[in-house]
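2 is the number of the first residue of the sequence shown in the working numbering; add one for each residue after it. Here's the structure, in structure tokens; my notes come after.
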Amino acid sequence: MSEGLMRFWRVKLKHFLRTDTQAVIHECQHIASTAPLSVFHYTSRDTELMDYSISKDTVIILNLTSVLSEEGQWKFPHECNPANFLNEQAQFEKP
Numbered sequence: 002m003s004e005g006l007m008r009f010w011r012v013k014l015k016h017f018l019r020t021d022t023q024a025v026i027h028e029c030q031h032i033a034s035t036a037p038l039s040v041f042h043y044t045s046r047d048t049e050l051m052d053y054s055i056s057k058d059t060v061i062i063l064n065l066t067s068v069l070s071e072e073g074q075w076k077f078p079h080e081c082n083p084a085n086f087l088n089e090q091a092q093f094e095k096p
């Protein structure tokens, strides 16, 4: 096999492994929900969000599990499938 052809396949293989590995790692984090709640936040002033009044110094805790299973956000929200992180060209992409 020529040196040029070997280099071509090395680059292709490296790209393939990097893309699939990233997709698998991200999908494991997505499905495992290793951190179901976010870091606590506090409101710095009185505010209104989606018709809700939130007083200053209110603790805000985001439920990440609900975000990670949002049906409109994921191709396959309830199954372990690395395709959630691959675009149509099989390139790694965060949703």
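Yeah, the Cβ is synthetic: ideal placement off N, Cα and C, and Gly gets one too.
Euclidean distance between Cα positions of residue i and residue j
{"i": "GLU94", "j": "GLY73", "result": "16 Å"}
{"i": "GLU28", "j": "THR44", "result": "32 Å"}
{"i": "ALA24", "j": "MET51", "result": "34 Å"}
{"i": "LEU69", "j": "VAL40", "result": "16 Å"}
{"i": "GLN92", "j": "ILE26", "result": "14 Å"}
{"i": "THR59", "j": "PHE77", "result": "35 Å"}
{"i": "ARG19", "j": "GLY5", "result": "21 Å"}
As assigned by DSSP and simplified to three states, the class of residue i
{"i": "GLU89", "result": "coil"}
{"i": "THR48", "result": "strand"}
{"i": "LEU63", "result": "coil"}
{"i": "HIS31", "result": "helix"}
Own chain residues within Cβ distance below 8 Å of residue i, not counting five before or after
{"i": "ASP47", "result": "SER54, ILE55, SER56, LYS57"}
{"i": "LEU65", "result": "SER34, ALA36, PRO37, LEU38, SER39"}
{"i": "HIS79", "result": "SER70"}
With 16 other Cβ atoms within 10 Å as the buried cut-off, status of residue i
{"i": "PRO37", "result": "exposed"}
{"i": "ASN85", "result": "buried"}
{"i": "PHE83", "result": "Note on identity: in this sequence residue 83 is Pro, with Phe being the wrong assignment. Its Cβ being crowded by 16 or more others within 10 Å, PRO83 is buried."}
{"i": "LEU87", "result": "buried"}
Beta-carbon contacts of residue i that lie in its chain and below 7 Å, excluding the five residues immediately before and after
{"i": "CYS81", "result": "GLU28, ILE32"}
{"i": "TRP75", "result": "ASN85, PRO96"}
Contact with chain B by residue i, beta-carbon distance below 8 Å
{"i": "GLU72", "result": "Although the question refers to chain B, the structure presented lacks it and comprises just one protein chain."}
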